[in-house]
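Anchor point for the sequence shown: position 291 equals 292 in the working numbering, and the numbering is continuous, going up by one each time.
Glycine included, C-beta positions come from ideal geometry on N, C-alpha and C.
Data first, discussion second: the structure below is written as structure tokens.
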Amino acid sequence: MAGPPASLSARDVGSFAYLSVKDRSPQILTKAIDTLHRHKSEFFEKHGEKGLEAEKKAISLLSKLRNELQTDKPIVPLVEKFVDTDIWNQYLEYQQSLLNESDGKPRWFLSPWLFVECYMYRRIHEAIIQSPPIDDFDIFKELKDQNFFESQESIIALCTHLQELRKTIEDLDENQLKNEFFKVLQISLWGNKCDLSLSGGEHISQKTNIMNSLEDLKPFILVNDMDRLWSLLSNCKKTREKESVTRVDIVLDNSGFELITDLVLADFLLSSKLATKIHFYGKTIPWFVSDTTLHDFNWIIKQLKHSNNKWVSQCGVDWEDHVKTGRWVYLDHIFWTLPHEFSAMSQVAPDLHAALQKAHLIFFKGDLNYRKLTGDRRWEFTVPFHEALSGFHPAPLCSIRTLKAEVQVGLQPGQGEQLTASEPNWLTAGKYGVFQFDGPL
Ligand SMILES: O=P(O)(O)OC[C@@]1(O)O[C@H](CO)[C@@H](O)[C@@H]1O
Ligand SMILES: [Mn+2]
Numbered sequence: 002m003a004g005p006p007a008s009l010s011a012r013d014v015g016s017f018a019y020l021s022v023k024d025r026s027p028q029i030l031t032k033a034i035d036t037l038h039r040h041k042s043e044f045f046e047k048h049g050e051k052g053l054e055a056e057k058k059a060i061s062l063l064s065k066l067r068n069e070l071q072t073d074k075p076i077v078p079l080v081e082k083f084v085d086t087d088i089w090n091q092y093l094e095y096q097q098s099l100l101n102e103s104d105g106k107p108r109w110f111l112s113p114w115l116f117v118e119c120y121m122y123r124r125i126h127e128a129i130i131q132s133p134p135i136d137d138f139d140i141f142k143e144l145k146d147q148n149f150f151e152s153q154e155s156i157i158a159l160c161t162h163l164q165e166l167r168k169t170i171e172d173l174d175e176n177q178l179k180n181e182f183f184k185v186l187q188i189s190l191w192g193n194k195c196d197l198s199l200s201g202g203e204h205i206s207q208k209t210n211i212m213n214s215l216e217d218l219k220p221f222i223l224v225n226d227m228d229r230l231w232s233l234l235s236n237c238k239k240t241r242e243k244e245s246v247t248r249v250d251i252v253l254d255n256s257g258f259e260l261i262t263d264l265v266l267a268d269f270l271l272s273s274k275l276a277t278k279i280h281f282y283g284k285t286i287p288w289f290v291s292d293t294t295l296h297d298f299n300w301i302i303k304q305l306k307h308s309n310n311k312w313v314s315q316c317g318v319d320w321e322d323h324v325k326t327g328r329w330v331y332l333d334h335i336f337w338t339l340p341h342e343f344s345a346m347s348q349v350a351p352d353l354h355a356a357l358q359k360a361h362l363i364f365f366k367g368d369l370n371y372r373k374l375t376g377d378r379r380w381e382f383t384v385p386f387h388e389a390l391s392g393f394h395p396a397p398l399c400s401i402r403t404l405k406a407e408v409q410v411g412l413q414p415g416q417g418e419q420l421t422a423s424e425p426n427w428l429t430a431g432k433y434g435v436f437q438f439d440g441p442l
């Protein structure tokens with residue numbers, strides 16, 4: 002049997018991966034350097050001269066990284082001791098082992114894009130932890146916060162919708178509840194348009210009320226398994242014994258507006274009793290510019306709670322309560338910031354894999370998670386999703402993702418070709434989305 006297809010890579014000149022490594026990654030590094038510059042006086046106020054020296058050091062490490070990338074130098078091992086350093090360096094050796102002798106060493110414009118892109122964010126983190134006393138500085142924090150503040154109007158609309166819905170949710174019939182479930186799912190899907198790494202850190206936020214656009218956006222859902230999600234969860238609800246649990250896990254993606262949409266979905270799952278417990282997974286270190294860390298998660302709930310809009314603040318109060326009472330649990334695991342595809346999880350992080358196996362359903366938010374689900378490979382568009390998962394199936398799972406990378410599976414024959422002919426950048430512009438489900442085996 003033939004092995005899986007080749008990885009996406011910047012070695013394919015002109016591909017999205019190539020353009021991303023060539024243009025977008027250096028741009029993100031330049032922005033990161035600029036952010037450090039702008040915080041100079043803050044570092045001085047906090048730490049005196051030591052703060053200034055640290056800022057200089059972090060900037061020089063990031064400039065060096067940018068130079069390595071732009072001149073296509075070999076990928077070097079990580080040096081600073083951290084929980085995952087050894088795993089990263091082993092993975093680098095593994096990448097080396099995949100190369101022919103004529104290829105030389107793993108490099109930015111040669112190796113799999115997924116690997117080099119994750120590596121860049123891990124090196125950004127290394128530059129920061131090598132620069133105490135500013136070693137806890139989140140270089141992307143202000144961008145994430147800005148996205149939240151700029152999306153206020155849409156956040157108010159979402160929180161108002163949720164609070165009004167909660168009042169009458171007990172009175173809804175099956176069909177009405179299903180329609181509301183589909184609405185919050187779509188809100189969470191389109192929330193994924195708002196990531197900051199695709200835009201190279203340029204502001205993109207949700208300025209208009211997303212609720213009004215759901216109908217117009219429906220034609221852009223290329224794979225729509227929402228019905229299957231409903232069947233699974235409504236069945237859990239019907240057959241659940243009194244004290245037993247239905248757990249939905251959400252592997253989070255971006256903070257800011259997208260996180261609010263995911264929390265709205267999670268709240269709906271509890272209020273509708275489709276689930277009784279939610280586990281969220283976030284990132285341990287700043288990642289792909291806008292990804293959610295524990296700090297972002299807590300910060301957003303606190304911001305909502307202190308809002309002067311009563312519905313928004315009610316959401317903050319309720320969500321804090323979900324966390325306090327353990328109906329919502331935030332977890333992180335180092336695996337989410339490793340370069341491995343998810344089919345390696347049972348080997349690399351068996352504890353995480355075992356934890357996911359206890360979920361009734363797992364949502365994977367966003368594009369990067371889709372790339373890791375499918376191994377970021379050049380699959381034919383019609384390959385079944387289950388096949389592209391290459392054995393990864395801890396529990397029934399669903400990707401909720403807008404398309405921002407050149408990988409998509411599970412389409413109808415001809416569907417991909419037709420889109421390519423009419424819209425050359427359909428795979429990467431974030432305009433299309435999927436609810437792609439891999440159900441119980
Ligand atoms: O996972 P997310 O936030 O939806 O998207 C992450 C992303 O912007 O980063 C990569 C490019 O840097 C792309 O795969 C993808 O578009
Ligand atoms: Mn992201």
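Paired residues, beta bridge with residue i - DSSP
i, result
"Leu362", "Val249"
"Ile157", "Answer is none; Ile157 lacks a bridge partner."
"Trp329", "Ile279"
"Gly434", "Ile222, Thr403"
"Asp439", "Leu398"
"Asn450", "Residue 450 lies beyond the range of the chain shown here (2 to 442); nothing can be said about it."
"Pro75", "Arg108"
"Ser214", "Paired residue(s): none; Ser214 is not in a bridge."
"Ser10", "Pro113"
Closest Cα partner of residue i within the set the options
i, options, result
"Phe438", "Lys325, Trp329, Ser291, Leu233", "Leu233"
"Gln315", "Val324, His323, Leu305", "Leu305"
"Lys405", "Leu63, Phe17, Lys74", "Phe17"
"Trp114", "Lys219, Leu20, Arg402", "Leu20"
"Phe141", "Gln187, Trp329, Asp297", "Asp297"
"Phe182", "Ser235, Ile135, Gln131, Lys194", "Ser235"
"Leu190", "Glu151, Ile251, Thr169, Gln164", "Ile251"
"Gln131", "Lys57, Pro107, Glu69", "Lys57"
"His354", "Ala389, Pro395, Trp320, Asp333", "Pro395"
"Phe44", "Lys239, Phe116, Asp136", "Asp136"
"Asn517", "Asp217, Leu63, Ile261, Lys311", "Here the chain has residues from 2 to 442 only, and residue 517 is not among them."
"Gly392", "Ile401, Arg402, Lys373", "Lys373"
"Ile222", "Pro6, Pro441, Glu244, Gly434", "Gly434"
"Arg124", "Ser155, Ile29, Asn180, Lys179", "Ile29"
"Glu143", "Ser256, Val117, Trp109, Val185", "Ser256"
"Leu100", "Glu46, Lys194, Pro75", "Pro75"
"Pro134", "Ile211, Val80, Glu46, Gln96", "Glu46"
"Leu63", "Lys41, Ile88, Val84, Leu37", "Leu37"
"Ala33", "Asp268, Leu390, Leu66, Lys274", "Leu66"
"Asn193", "Arg402, Thr31, Thr429, Thr383", "Arg402"
"Glu118", "Gly52, Leu369, Leu428, Glu175", "Leu369"
"Asp226", "His48, Ser400, His334, Pro220", "Ser400"
"Asn310", "Val290, Leu295, Ile157, Leu166", "Ile157"
Any non-hydrogen atom of ligand 2 within 7 angstroms of residue i CB
i, result
"Leu369", "yes"
"Phe258", "no"
"Asp35", "no"
"Asp254", "yes"
heavy atom of ligand 1 below 7 angstroms from residue i C-beta
i, result
"Asn426", "no"
"Ser21", "yes"
"Ser291", "yes"
"Arg67", "no"
"Asn213", "no"
"Arg123", "no"
"Lys405", "yes"
"Arg372", "yes"
"Arg379", "no"
"Glu342", "no"
"Glu1", "The structure shown does not extend to residue 1, since the chain spans only 2 to 442, so no value can be given for it."
"Asn101", "no"
"Arg25", "yes"
"Asn193", "yes"
(request) Give, in chain order, every unbroken run of the alpha helix (DSSP H) that is at least 4 residues long and sits entirely within the stretch 369 to 417. (result) 386 to 389
(request) Go through the stretch 265 to 319 residue by residue and report every complete run of the beta strand (DSSP E) that reaches 3 residues or more, in order. (result) Listed in chain order, they are 278 to 283.
(request) Pick out the complete alpha helix (DSSP H) segments inside the stretch 78 to 118, 4 residues or longer, and give them in chain order. (result) 86 to 98
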